[in-house]
Amino acid sequence: MKLRYIALAAALMLSGCGGAENSSGGNESASQVVTTTSSAAGSAESEAVTSEPQGSSLKELSEELKAADSSILTGSALYGERLFEKNCQKLYLCRQSDLTDGFIVYNNGGGKADEISVIKRADGDSDRASKVLNDRKTVRYNDFKGYVPAELPKIEAGRVFTVKGYSVLIISDSADRLEKIIREKLS
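Counting from 1, position 134 in the sequence shown corresponds to residue 138 in the working numbering; the numbering is continuous, with no gaps.
Structure (structure tokens):
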């Protein structure tokens with residue numbers, strides 16, 4: 005009987021890992037990508053598209069990056085999708101309308117810090133976008149510090165760089181290979 009109580013207590017403690025109530029009343033970590041959107045009727049819609057992403061080349065790039073590390077990079081959201089719009093303020097501290105293009109590729113299973121964010125600001129201020137991505141990296145670090153500390157070296161080694169006005173964040177054990185793909189596609 006005592007073992008059941010211990011197991012129940014452990015399950016309850018783990019169910020709250022990484023979660024914090026956000027400004028919309030949800031229970032998501034500040035660095036986690038929200039993977040569903042709610043309609044006016046209150047039902048969940050998965051990655052519903054409101055408009056075609058502007059950069060088909062970015063869509064191809066995001067798919068190539070997911071394929072390059074398919075066991076870890078399992079989710080994505082593209083500029084123009086409701087999922088990207090929903091996460092824009094939380095992840096990049098701006099509205100989707102402040103950008104002209106972008107995407108995020110991430111691990112949607114939890115427990116892995118891996119992500120690639122590519123954004124291009126409408127005002128062309130890539131320095132500001134790079135600062136936002138460095139701040140995002142810091143938030144990721146702080147979230148994983150108490151959640152999965154084994155991911156911290158990967159986050160610390162994460163890199164932010166700019167190519168052709170696009171600001172890029174890579175957090176991955178395969179960062180060298182992924183950066184090469186990005187630089188080749190965006191150059």
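All C-beta atoms in this analysis are idealised placements derived from N, C-alpha and C, irrespective of residue type, glycine included.
Item checked: Alpha-carbon spacing of Ile185 relative to Asn111, whole angstroms -> 19 Å
Next item on the list: My understanding is that Gly169 touches Lys141, with C-beta atoms under 8 Å, so please give their C-beta distance in whole angstroms.
Entry: So it is not a contact: roughly 20 Å between Cβ atoms.
Note to self: With the cut-off set at 8 Å, would you say Thr189 and Ser61 are in Cβ contact?
What the structure shows: For the sequence presented, residue 189 should be read as Lys rather than Thr. Against a cut-off of 8 Å, the Cβ pair of Ser61 and Lys189 comes out as a contact.
Margin query: My output table needs one value for Val136: the three-state DSSP class, helix, strand or coil.
Written below: helix
Check: Which residues in the same chain as Leu182 place their Cβ atom closer than 8 Å to its Cβ, once the five residues preceding and following it in sequence are excluded?
Finding: Leu69, Ala72, Asp73, Ile120, Ile174, Ser176
Note to self: Measuring straight from C-alpha to C-alpha, what distance separates Ala52 and Gly84?
What the structure shows: Since pLDDT at Ala52 reaches only 37, below the 50 mark, its modelled position is unreliable, and the value read off the structure follows with that caveat. Their Cα atoms are separated by approximately 10 Å.
Notebook entry, point to check: Based on the DSSP secondary-structure assignment, which residues constitute the bridge partners of Thr142?
Noted result: BP columns for Thr142 are empty, so no partner.
Margin query: Relative to the C-alpha of Tyr96, which candidate in Lys124, Gly113, Ala179, Asp118 has its C-alpha closest?
Written below: Lys124
Margin query: What does the Cβ neighbour count give for Ser66, buried or exposed, with the cut at 16 atoms within 10 Å?
Written below: buried
Next item on the list: Using 10 angstroms around the beta-carbon of Asp131, count the other beta-carbons present and answer buried if the total reaches 16, otherwise exposed.
Entry: exposed
Check: Can you tell which of Val172, Thr166, Phe107, Val167 has the C-alpha that lies nearest to the C-alpha of Glu1?
Finding: With the chain running from 5 to 191 in the structure shown, residue 1 is simply not present.
Margin query: So, at 6 Å on beta carbons, what are the nonlocal neighbours of Val164 in its own chain, with the 5 sequence-adjacent residues on each side left out?
Written below: Ser134, Leu137, Asn138, Leu173
Check: With C-beta atoms as the reference, is Ile159 less than 8 Å away from Ala126?
Finding: no
Margin query: Using the Cβ count rule (16 or more neighbours within 10 Å means buried), how would you classify Lys94?
Written below: buried
Next item on the list: With hydrogens ignored, establish whether the beta-carbon of Val143 is closer than 7 Å to any heavy atom of the ligand ATP.
Entry: For the structure depicted, the ligand ATP is absent and the ligand set is empty, with no information on it obtainable.
Check: Where does Leu77 fall in DSSP's three states?
Finding: coil
Next item on the list: Out of Ser80, Thr104, Asn91, Pro157, state which residue places its alpha-carbon closest to the alpha-carbon of Gly113.
Entry: Ser80
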